[in-house]
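In order, the protein sequence lines correspond to chains A and B.
Counted from 1, the first sequence has number 177 at position 118 by the numbering used here; the numbering is strictly sequential.
Counted from 1, the second sequence has number 373 at position 326 by the numbering used here; the numbering is strictly sequential.
Below is one structure, written out as structure tokens; comments come after it.
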Amino acid sequence: MVAIMTKSTVTSQDEKTAFVRDEKGEILPVVENFYKFCSERKLMGVKCKQCGALIWPPRGICPKCFAKTLEWTEFKGKGKLLTYTIIHFPPSRFQALAPYAVGILKLEEGPQLPGMIKNVKLEDLRIGMDLQVDFETALPKEWPRWPRYFFKPAS
Amino acid sequence: MGTPIASIISAGISKFGVRDGLYTRELFVEAVREAFDRCPNLDPKRDIEALFVGMMSESYEHQAHVAPLLADWVGLLPVPAFRTEAACASSGVALRNALCGVGSGMYDVVLVGGVEKMTHFSTTGVTDVLAMASDFPFEQWHGITFPGIFGMMAVDHMHRYGTTEEQMASVAVKNHEHGALNPKAHFQKRITLDDVLSSRPVAWPLKLYDCCPRSDGASCLVIASPKIAKKFTDTPVQIMGSGQAQDTLSLFDRENFSSMKVTRLAAQQAYSMASVTPKDIDVAELHDCFTIAEIMAYEDLGFCEPGKGGKLIEEGATYLGGKIPTNTSGGLKAKGHPVGATGTAQACEIYLQLTNQAGKRQVAGAEIGLTENIGGSASTGVVHIYQRGD
């Protein structure tokens with residue numbers, strides 16, 4: 060497995076699109092590349108070529124059947140809220156945002172992902188509500204240069 | 048009952064709380080001195096063959112490689128020393144590793160403990176350090192804190208089973224009532240349901256008094272092979288069962304946010320090894336990092352049906368004098384939660400209970416005890432079962 064979090068893996072002039080690739084040039088199923096896709100406004104996971112499982116976050120071994128053949132697949136980004144909470148005591152990076160809501164979204168395709176919920180009044184949060192994934196445009200200046208995805212009401 | 052894996056021949060615990068000016072090494076020494084004093088037949092230099100210690104974070108004191116440091120400070124050099132990190136289950140896992148050492152025949156007598164120094168950090172500082180035990184790219188990166196993770200479990204439990212904020216608050220009230228009877232506890236003060244319900248929100252529906260405090264403290268046990276335990280004491284406590292399991296580091300990928308799979312699996316292993324059932328347990332120390340975690344533990348350990356944990360506390364079954372008293376020490380909530388110290392501190396309380404040394408909080412006639420220690424979002428779970436050995 061390549062080291063996915065070091066600057067040395069980024070070689071292209073345009074860091075935003077410099078995916079981490081294997082020796083054949085294939086985009087590796089790693090966290091860094093998940094966030095590279097986010098900067099292209101794509102919510103990506105992987106599909107196991109052997110058992111067909113859809114897996115998120117992307118990784119190199121299928122946790123269902125142990126196969127090592129996984130291919131990228133794009134999710135529509137629509138789903139239902141499984142659970143949530145409202146954070147009043149945030150970590151230092153998020154001091155300015157509190158109170159804010161975070162939750163776990165179950166995508167229509169099946170995988171579940173955690174994230175911040177925006178554009179919903181805190182008192183209007185409900186388990187089962189329809190949300191969709193959107194992406195922040197700002198790219199952090201320092202490691203980790205991961206543009207955040209977030210959840211907002213389904214249009 | 049099955050056969051014992053190892054025997055606790057002594058135990059020690061520091062005062063928990065804000066211990067200004069005392070750091071990891073001194074807190075650990077305080078716990079170890081008590082354990083050595085309690086067992087006059089033990090000659091530490093001659094008898095102890097290894098040290099196992101749990102500690103979560105180097106960040107608090109800018110201090111890593113604590114195994115040789117602590118072995119030195121308690122006078123055990125040059126015995127092998129091992130430090131384990133499993134977030135809040137660090138010393139629960141250290142205990143299990145120590146049992147592997149004794150149970151395999153590698154060692155006859157070992158010291159196992161845990162320690163954490165936290166209170167010189169601000170709330171935000173501690174929040175940041177604890178958050179390191181959640182998934183960095185997918186939880187920390189999106190502003191999810193540990194209270195937030197347990198807040199999401201609580202919301203699910205309320206939605207699925209109708210558990211109420213009052214039931215969760217009752218766990219804090221009970222544990223403070225027990226903590227008031229423990230002179231080593233961080234908080235020795237009773238609180239009311241209203242105190243909990245009106246405290247500041249931390250991660251809705253969890254409020255400040257639903258959350259355990261940050262504390263300084265240390266704890267330890269001396270454990271020996273059962274065949275030689277009586278050389279050291281007439282009243283050993285036998286460790287009869289041990290279980291450990293892991294789950295996803297993050298909460299999001301689980302089927303059920305209202306249940307801790309690691310606790311269920313670790314408990315099944317420990318019950319089976321000890322040949323006991325949940326009905327046989329007389330006293331238990333549970334991992335109440337947040338009140339909802341104690342309610343889920345009741346269910347996952349089989350003290351009640353899934354979804355009935357709120358009812359169990361409401362009925363008072365887990366109070367001292369109840370059907371199954373839990374967290375007689377005050378639990379993480381009132382005794383305090385110096386993260387790395389908690390696993391072996393739970394075992395210390397059961398040792399005191401099963402040797403009739405628990406003072407005002409003694410459960411009369413307690414024969415069989417249980418500890419449940421979880422790490423992170425219940426990504427690690429460790430369960431141990433103990434029996435009186437006299």
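Cβ atoms here follow ideal geometry from the backbone N, Cα and C, with glycine treated the same way.
Values in this document were obtained by computation on a predicted structure and should not be read as measured data.
Asked                                                                                                                                               : Found
With H, G and I counted as helix, E and B as strand and the rest as coil, what does DSSP make of B:T171?                                            : helix
Roughly how many angstroms separate the alpha carbons of B:T18 and B:A180, rounded to a whole number?                                               : Nothing about residue 18 of chain B can be read from this structure; chain B reaches only from 48 to 437.
Using a cut-off of 8 Å between C-beta atoms, extract the partners of A:W131 located in chain B.                                                     : Chain B residues near A:W131: none, gap ~17 Å exceeds 8 Å.
If we define contact as Cβ-Cβ less than 7 Å, is A:V161 a contact residue for chain B?                                                               : yes
With a 10 Å radius around its C-beta and 16 neighbouring C-beta atoms as the bar for buried, classify A:E130 as buried or exposed.                  : exposed
In angstroms, rounded to a whole number, what distance separates the CA positions of B:I191 and B:I95?                                              : 43 Å
On the DSSP letters alone, give me the boundaries of the beta strand (DSSP E) that A:D193 sits inside.                                              : D189 to F194
My parser needs the alpha helix (DSSP H) runs of 4 or more residues fully inside the region 384 to 436 of chain B; what are they?                   : 389 to 401
Exposed or buried, A:G162, counting other C-beta atoms within 10 Å across all chains shown (16 or more means buried)?                               : buried
Which class does A:Y143 belong to by DSSP, given the choice of helix, strand or coil?                                                               : strand
Are the Cβ atoms of A:A157 and A:L190 separated by less than 7 Å?                                                                                   : no
For a contact defined as C-beta to C-beta under 9 Å, what are the partners of B:A178 on chain A?                                                    : P150
Got a sec: does the ligand FAD put a non-hydrogen atom nearer than 6 Å to the Cβ of A:C107?                                                         : The ligand FAD is absent from the structure shown, which contains no ligand whatsoever.
Got a sec: is the Cβ-Cβ distance from B:P184 to anything in chain A below 7 Å?                                                                      : yes
Is B:D335 near B:I415, with beta carbons less than 7 Å apart?                                                                                       : no
Have a look at A:G119 and B:R130 and give me their C-alpha separation to the nearest angstrom.                                                      : 30 Å
Is there contact here, the region 218 to 230 of chain B with the region 112 to 131 of chain B, by at least three beta-carbon pairs under 8 Å?       : no
Rounded to whole angstroms, what's the CA-CA distance from B:S138 to B:T373? Just pull it up for me.                                                : 20 Å
Against B:S297, what residues of chain A qualify as contacts under a CB-to-CB distance less than 8 Å, listed in chain order?                        : P173
Would B:E163 pass as a contact of B:P385 if the rule is Cβ separation under 7 Å?                                                                    : yes
Determine the burial state of A:L140: buried for a count of at least 16 other Cβ atoms within 10 Å of its Cβ, exposed for fewer.                    : buried
Where does B:Y70 fall in DSSP's three states?                                                                                                       : coil
Under the three-state reduction of DSSP, which class applies to B:Q110: helix, strand or coil?                                                      : coil
If you run the structure through DSSP and keep just helix, strand and coil, what is B:T310?                                                         : helix
Quick one: complete alpha helix (DSSP H) runs, 4+ long, within the region 99 to 167 of chain B?                                                     : 113 to 120 and 137 to 150
Is it a yes or a no for the region 92 to 110 of chain B touching the region 363 to 381 of chain B, going by three-plus beta-carbon pairs under 8 Å? : no
Can you tell me the Cα-Cα spacing of B:L244 and B:I196, whole angstroms?                                                                            : 20 Å
Using a Cβ cut-off of 7 Å, pull out every chain A residue sitting near B:G195, in sequence order please.                                            : T144, I146 and V161
Please report the straight-line C-alpha distance between B:L298 and B:S424, rounded to a whole angstrom.                                            : 6 Å
Once DSSP output is grouped into helix, strand and coil, what is the label at A:M175?                                                               : strand
I'd like the list of long-range same chain contacts for B:V202, defined as Cβ closer than 7 Å, with 5 residues on each side in sequence excluded.   : P252
Would you verify that the beta carbon of B:F304 is, or is not, closer than 7 Å to some beta carbon of chain A?                                      : yes
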